[in-house]
Amino acid sequence: MTDRDAPSPAGPVLPLSAPEPDGCDAGCCSTETANLVEPQRRAVLSRRVRLLVTATISYNIIEAIVALSAGAVASSAALIGFGLDSVIEVSSAAAVYWQFSGHHPEARERAALRVIALSFFALAVYVTVESIRSLAGGETAGSSTAGIILATASLVVMPLLSYAQRRAGRELGSASAVADSNQTLLCTYLSGVLLVGLLLNYLFGWTWADPVVALVIAAVAVREGRTAWRGEHCC
Numbered sequence: 003m004t005d006r007d008a009p010s011p012a013g014p015v016l017p018l019s020a021p022e023p024d025g026c027d028a029g030c031c032s033t034e035t036a037n038l039v040e041p042q043r044r045a046v047l048s049r050r051v052r053l054l055v056t057a058t059i060s061y062n063i064i065e066a067i068v069a070l071s072a073g074a075v076a077s078s079a080a081l082i083g084f085g086l087d088s089v090i091e092v093s094s095a096a097a098v099y100w101q102f103s104g105h106h107p108e109a110r111e112r113a114a115l116r117v118i119a120l121s122f123f124a125l126a127v128y129v130t131v132e133s134i135r136s137l138a139g140g141e142t143a144g145s146s147t148a149g150i151i152l153a154t155a156s157l158v159v160m161p162l163l164s165y166a167q168r169r170a171g172r173e174l175g176s177a178s179a180v181a182d183s184n185q186t187l188l189c190t191y192l193s194g195v196l197l198v199g200l201l202l203n204y205l206f207g208w209t210w211a212d213p214v215v216a217l218v219i220a221a222v223a224v225r226e227g228r229t230a231w232r233g234e235h236c237c
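In my numbering, the protein residues as written are 3 to 237.
(1) Check for me: the alpha helix (DSSP H) holding residue 79 runs from which residue to which?
(2) Using 10 angstroms around the beta-carbon of residue 207, count the other beta-carbons present and answer buried if the total reaches 16, otherwise exposed.
(3) As an exercise, report each continuous alpha helix (DSSP H) stretch of at least 4 residues that is fully enclosed by the region 146-223, in chain order.
(4) What is the DSSP secondary structure of residue 26, reduced to helix, strand or coil?
(5) With 16 other CB atoms within 10 Å as the buried threshold, where does residue 130 fall?
(6) Cβ of residue 195 within 9 Å of Cβ of residue 215?
(7) Considering only C-alpha positions, which residue in the set 126, 85 and 52 is nearest to residue 97?
(8) Along the alpha helix (DSSP H) that carries residue 143, what are the first and last residues, could you check?
(9) If you compare alpha carbons, which of 232, 229, 228 and 212 is closest to residue 249?
(10) Within a Cβ cutoff of 6 Å, which residues of the same chain sit near residue 231, ignoring the five residues on either side of it in sequence?
(11) Just tell me which of 221, 233 and 229 has its CA closest to the CA of residue 2.
(12) Buried or exposed: which applies to residue 111, given that a residue is buried once 16 or more other Cβ atoms fall within 10 Å of its Cβ?
(13) Spell out a yes or no on whether the region 40-47 and the region 140-153 are touching, meaning 3 or more CB-CB pairs, one atom from each, closer than 8 Å.
(14) Should residue 157 and residue 58 be called a contact, given that it needs their Cβ atoms to be closer than 9 Å?
(15) Residue 187: which of 144, 91, 145 and 73 sits nearest, CA to CA?
(16) If you draw a straight line from the C-alpha of residue 133 to the C-alpha of residue 219, how long is it?
(17) Tell me the DSSP secondary structure of residue 113 in three-state form.
(18) Cα separation between residue 147 and residue 40?
(19) So is residue 139 buried or exposed if we call it buried at 16+ other beta carbons inside 10 Å?
(20) Any idea if residue 205 is buried or exposed, counting beta-carbon neighbours within 10 angstroms, 16 or more meaning buried?
(21) Of the choices 171, 167, 183 and 66, whose alpha-carbon is the least far from that of residue 86?
(22) Can you name the start and end residues of the alpha helix (DSSP H) that residue 138 belongs to?
(23) Tell me the DSSP secondary structure of residue 19 in three-state form.
(24) For residue 143 and residue 74, which I take to be in contact (beta-carbon distance under 8 Å), what is that distance rounded to the nearest angstrom?
(25) Using alpha carbons as the reference points, say which of 93, 54 and 88 lies closest to residue 70.
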């Protein structure tokens, strides 16, 4: 037997790193990624996430009050769905704040993601029922100037909050922080869809646009809920 055929004294060659669990690309959701962050930097990022979450909660409380009030006045399923999404964002942000208020945020990761997912599913069920009822001949939605102003404001505020939290969450390797930032980003997309529907109703009297927009919101909520439940929000 030649030296080339002899087994290596160090044993079989192992891969440099273990494969990542499902739903985590490039290690961004793994605890190994989180452990690479120095403790001092981790503390700074955790405080930043809490501050961003507090800002998100504050804005979403205002957003929910305005949207639900304007939606009730205009009988708008889309506005009510948007307001409920704001309520869900508050619960999502609160779950992330609870997670990062502990000494070991990673231990609370799964519970925070489940709260986010279940909130999305609840939103989807309610909005779907109300939209179908409206399309089937229920109460038609009126125009809402307050809703148009709110949707425009959210198109400006939400992307800024989402970007900052996503950046901090990715550096920490926290799937729940990134999931919450994606939920905030979802609010931006929903704001755009909502604005289109409200403008169509306001300018042309197309009342059918409101429940159609609400169904879009419900479909996106289901998708985001499934993603959060599987913990695939990291990247």
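For glycine and all other residues, C-beta sits at the position ideal for the given N, C-alpha and C. Source: prediction; values computed, not measured.
From the atom records:
(1) 79-102
(2) exposed
(3) 147-174 and 177-206
(4) Note on residue 26: pLDDT 45, under 50, position unreliable in the model; the coordinate value appears next. Coil at residue 26, not helix or strand.
(5) buried
(6) yes
(7) 52
(8) Element bounds for residue 143: n/a, residue is neither H nor E.
(9) Lying before the first or after the last residue shown, residue 249 is absent from the chain, which here runs from 3 to 237.
(10) 119
(11) Here the chain comprises residues numbered 3 to 237, so residue 2 is not present and cannot be evaluated.
(12) buried
(13) no
(14) no
(15) 91
(16) 10 Å
(17) helix
(18) 49 Å
(19) exposed
(20) exposed
(21) 66
(22) It is not in any alpha helix (DSSP H) - residue 138 carries neither H nor E in the DSSP assignment.
(23) Bear in mind that the predicted position of residue 19 carries a pLDDT of just 39, short of 50, making it unreliable; the figure below should be weighed with that in mind. DSSP places residue 19 in coil when its eight states are reduced to three.
(24) Actually they do not touch by this definition, with Cβ atoms about 11 Å apart.
(25) 88
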